[in-house]
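Trainee: Numbering of the sequence shown is given in the numbering used here, commencing with residue 23 and proceeding in unit increments. Think of the CB as a built atom: it goes at the ideal place given N, C-alpha and C, for glycine as much as any other residue. Bear in mind that the values here come from a model prediction, so they are computed numbers and not experimental data. Pasting in a structure now, in structure tokens, and then I'll have a few things to ask.
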Amino acid sequence: MKFTENQHFPEQAWYPKRDMPTKKELLAAQIQHIDIKQHNVVPLVDAMASMAFSSRDTARAASIYDMMLRDTDCGVILCLAGSLISAGLQKVFVDLIRNNMVDAIVSTGANIVDQDFFEALGYRHYIASDQYKYGNEDGVLRELMIDRIYDTFIDEEELRECDATTEKITNSLEHRPYSSREFIRAMGAYLVENGRTPAEGNNDSIILAAYEKDVPIFCPAFSDCSAGFGLVAHQHARQGKPMVSIDSAKDFYELTKLKIENPSTGLLMIGGGVPKNFAQDIVVAAEILGVDAPMHKYAIQITVADSRDGALSGSTLKEASSWGKVDTVWEQMVYSEATLALPLIAGYAFHKEAFAERTGKKWTQVLERAVVNA
């Protein structure tokens, strides 16, 4: 069958036209954040230890995280890459922070700003039905100003409010370079000052919990997120005048100082990319500064990437040992999607109360004391 230039293809003509759904109809079912406190997975994970493949790897990773937390000298660094908060993992990370199971966070900007801060402002992510998650209706979504993250939706108009809020925070700061950690702490202060706390009936957030527990958050590629739009708008308005900027070298130096201050460290890495490499590199950076810092004593990575394409996200932890970054005694790769593996690993350590003897290291205070004494 031949078709003229203006004719529709058969697959478009075979089906009756549907009325375009409304934005309200599409943004109806909210993503619900899983609560590891409500699910004791210890018996399940212990049983998985006697299985094979990814089950056994996941169980070993859970036992290493448990061990990492019971080693109270160890500083735990959580690395976040991929769309994790939009997928329903926000509460897991909040619970880790509030129970002293994390001492520092290294993340992509999207997780911290576009997703966590976004929800802290009162906005939500939504479930996308199967007909939308494969990209067949993205033109419709664009008309409605709905952004898609695989099988979740986010309201673009609300996201622009998030952009505007980061610009407002930027404009309120002294005009100088900041580490991303300093800027994110200012975001935490903004949430407190504007009543965005659990006590006020709002959902908790990673930024808020970290602010209150003195857990520093680093986003080494900070401008690659909603905050970047706020910073761009600020710098455009301040052309030729002093302005706020993000100093990525200061990020690296601050995290390296924490490694020097607390030589025993462990990594819990969700995904790979920049956060993974940034956290691993602080061992080498300390050596460059003349400090003989030991490799990360513990390391876990949850990823769906592998090493065949030579990319960083799939490089193994044993490979990192060749660079002098990660010890190979207590390390485990878990080849799994994060929403499956993380609740098991984190829930296992939580319900075994591995954190019972830990106190918060309050690394934010360590860094701010160093600034005062400089």
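Apart from the five residues just before and just after E141, which ones in its own chain have a Cβ nearer than 8 angstroms to its Cβ?
Mentor: Position 119 of the sequence shown, counted from the first residue, corresponds to residue 141. Answer for E141: I107, Q112, H147, N225, S227, listed in chain order.
Trainee: What's the C-alpha gap between E47 and C184?
Mentor: Residue numbering aside, residue 47 sits at position 25 when the sequence shown is read from its first letter. Residue numbering aside, residue 184 sits at position 162 when the sequence shown is read from its first letter. Each residue's Cα considered, the two are about 22 angstroms apart.
Trainee: Kindly indicate which residue of F274, T130, R182 has the alpha-carbon position closest to the one of L143.
Mentor: Here the question's residue 143 lines up with position 121 in the sequence shown. Comparing Cα-Cα distances from L143 to each of F274, T130, R182, the minimum goes to R182.
Trainee: Over what stretch of residues does the beta strand (DSSP E) that includes L289 continue unbroken?
Mentor: In the sequence shown, the residue the question calls residue 289 occupies position 267. Run containing L289: 287 to 292, per the beta strand (DSSP E) assignment.
Trainee: According to DSSP, which residues form a beta bridge with F403?
Mentor: Residue numbering for the chain in the displayed model covers 23 to 396; residue 403 lies beyond these limits and cannot be assessed.
Trainee: Just reading off the beta strand (DSSP E) that L195 is part of, what are its end residues?
Mentor: As a working mapping, residue 195 is identified with position 173 in the sequence shown. Premise fails: L195 is in no beta strand (DSSP E) and is neither H nor E.
Trainee: Looking at the secondary structure, which residues open and close the beta strand (DSSP E) in which S85 lies?
Mentor: For this step, residue 85 is matched to residue 63 along the sequence shown. That residue, S85, is in no beta strand (DSSP E); its alpha helix (DSSP H) goes 75 to 92.
Trainee: Go through its chain and collect everything with a Cβ distance to Y320's Cβ below 6 angstroms, but skip five positions before and after it.
Mentor: The count along the sequence shown starts at 1 and reaches residue 320 at position 298. Excluding residues within five positions, the ones whose Cβ falls inside 6 angstroms are I86, M90, G288, W352.
Trainee: Return yes when the Cβ of D173 is within less than 8 angstroms of the Cβ of K155, no when it is not.
Mentor: Against the sequence shown, residue 155 aligns to sequence position 133. Against the sequence shown, residue 173 aligns to sequence position 151. Yes, the Cβ-Cβ distance between K155 and D173 is below 8 angstroms.
Trainee: Taking S129 as part of the beta strand (DSSP E), name the residues at either end of that continuous run.
Mentor: Against the sequence shown, residue 129 aligns to sequence position 107. That run of the beta strand (DSSP E) goes 126 to 129.
Trainee: By how many angstroms is the C-alpha of G293 removed from the C-alpha of T187?
Mentor: For the purposes of this step, residue 187 is identified with residue 165 of the sequence shown, where counting begins at 1. For the purposes of this step, residue 293 is identified with residue 271 of the sequence shown, where counting begins at 1. Their backbone Cα atoms lie some 28 angstroms apart in a straight line.
Trainee: Does DSSP put S248 in a helix, in a strand, or in coil?
Mentor: Walking along the sequence shown from the start, residue 248 turns up at place 226. Three-state DSSP puts S248 in a helix.
Trainee: Are the beta-carbon atoms belonging to I127 and I56 less than 8 angstroms from one another?
Mentor: Counted from its first residue, the sequence shown places residue 127 at position 105. Counted from its first residue, the sequence shown places residue 56 at position 34. For I127 and I56, no; Cβs fall outside 8 angstroms.
Trainee: Can you look up P43 in the DSSP assignment and give me helix, strand or coil?
Mentor: Taking the sequence shown and counting its residues from 1, one reaches residue 43 at position 21. Coil at P43, not helix or strand.
Trainee: Do you know how far the Cα of A83 is from the Cα of Q354?
Mentor: On the sequence shown, position 332 is the one that residue 354 refers to. On the sequence shown, position 61 is the one that residue 83 refers to. For Q354 and A83, the distance between alpha carbons rounds to 6 angstroms.
Trainee: So, at 6 angstroms on beta carbons, what are the nonlocal neighbours of C241 in its own chain, with the 5 sequence-adjacent residues on each side left out?
Mentor: The residue given as residue 241 occupies position 219 in the sequence shown. Here the set comprises S129, G131, I134, S202.
Trainee: Hey, how far is the Cα of Q387 from the Cα of L280?
Mentor: One-based indexing of the sequence shown puts residue 387 at position 365. One-based indexing of the sequence shown puts residue 280 at position 258. Approximately 11 angstroms between the Cα atoms of the pair.
Trainee: Short check: CB of A308 to CB of T350, under 8 angstroms?
Mentor: In the sequence shown, the residue the question calls residue 308 occupies position 286. In the sequence shown, the residue the question calls residue 350 occupies position 328. No, the pair does not count as a contact, with Cβ atoms beyond the cut-off.
Trainee: Among the candidates V296, N158, Y212, whose CA atom is the shortest distance from the CA of T192?
Mentor: By 1-based counting over the sequence shown, the position of residue 192 is 170. Of the candidates V296, N158, Y212, the one whose C-alpha sits nearest the C-alpha of T192 is Y212.
Trainee: Would you mind listing the alpha helix (DSSP H) stretches within the region 254 to 332 that are 4+ residues and don't spill past its ends, in chain order?
Mentor: List check, alpha helix (DSSP H) in window: 270 to 283, 295 to 310.
Trainee: Taking a contact to mean a Cβ-Cβ separation below 8 angstroms, would you say G369 touches V124 in this structure?
Mentor: Taking the first residue of the sequence shown as position 1, residue 369 is located at position 347. Taking the first residue of the sequence shown as position 1, residue 124 is located at position 102. No, they are not a contact pair.
Trainee: Leaving aside the five residues before and after L66 along the sequence, list all residues of the same chain whose C-beta is less than 8 angstroms from its C-beta, in chain order.
Mentor: For the purposes of this step, residue 66 is taken as the residue at position 44 of the sequence shown. Taken in chain order, the residues that qualify are L366.
Trainee: Which residue's Cα is closest to the Cα of V326: S248, T44, E359, E283?
Mentor: The sequence position of residue 326 within the sequence shown is 304, counting from 1. For the residues S248, T44, E359, E283, the minimum Cα distance to V326 belongs to E359.
Trainee: Looking only at C-alpha atoms, which of T381, A315, N299, H373 sits nearest to A103?
Mentor: Residue 103 sits at position 81 when you count from the first residue of the sequence shown. Ranking T381, A315, N299, H373 by Cα distance to A103 puts N299 first.
Trainee: Alpha carbon to alpha carbon, how far is L163 from D41?
Mentor: Position 141 of the sequence shown, counted from the start, is the residue given in the question as residue 163. Position 19 of the sequence shown, counted from the start, is the residue given in the question as residue 41. Spanning the two alpha carbons is a distance of roughly 13 angstroms.
Trainee: If you count every other CB in all the chains shown that lies within 10 Å of the CB of G252, and 16 or more means buried, which is it?
Mentor: Taking the sequence shown and counting its residues from 1, the one referred to as residue 252 is at position 230. That one is buried.
Trainee: Mind reading off the beta-carbon distance from L290 to V114? Whole number of angstroms is fine, and I expect it under 8 angstroms.
Mentor: For this step, residue 290 is matched to residue 268 along the sequence shown. For this step, residue 114 is matched to residue 92 along the sequence shown. Rounded, the Cβ-Cβ distance is 11 angstroms, inconsistent with contact.
Trainee: How should A50 be labelled, buried or exposed, when 16 other C-beta atoms within 10 angstroms of its C-beta is the threshold for buried?
Mentor: Residue mapping note: residue 50 aligns to position 28 of the sequence shown, counting from 1. Under this definition A50 is an exposed residue.
Trainee: Taking C-alpha atoms, which residue in E179, A255, Y275 lies nearest to L311?
Mentor: Numbered from its first residue, the sequence shown carries residue 311 at position 289. Measuring from the Cα of L311, the nearest candidate turns out to be Y275.
Trainee: Can you tell me where the alpha helix (DSSP H) holding V98 begins and where it ends?
Mentor: By one-based count along the sequence shown, residue 98 stands at place 76. Unbroken run through V98 is the beta strand (DSSP E), 97 to 102; no alpha helix (DSSP H).
Trainee: When burial is assigned at 16 or more other CB atoms within 10 Å of the CB, is F75 buried or exposed?
Mentor: If you number the sequence shown from 1, residue 75 lands on position 53. Exposed.
Trainee: Any idea which residues DSSP pairs Y200 with across the strands?
Mentor: By one-based count along the sequence shown, residue 200 stands at place 178. I268, per the DSSP bridge assignment.
Trainee: With a threshold of 8 angstroms between beta carbons, is A51 in contact with chain C?
Mentor: Looking at the structure shown, chain C is missing, and only one protein chain is on hand.
Trainee: Taking the Cβ atom as the reference point for each residue, do V266 and H197 lie within a distance shorter than 8 angstroms?
Mentor: Position 244 of the sequence shown, counting from 1, holds the residue named residue 266. Position 175 of the sequence shown, counting from 1, holds the residue named residue 197. Yes, Cβ-Cβ distance for V266 and H197 is below 8 angstroms.
Trainee: Rank I171, N158, P43, I119 by C-alpha distance to the C-alpha of I149 and give the top, closest one.
Mentor: One-based indexing of the sequence shown puts residue 149 at position 127. It is I171.
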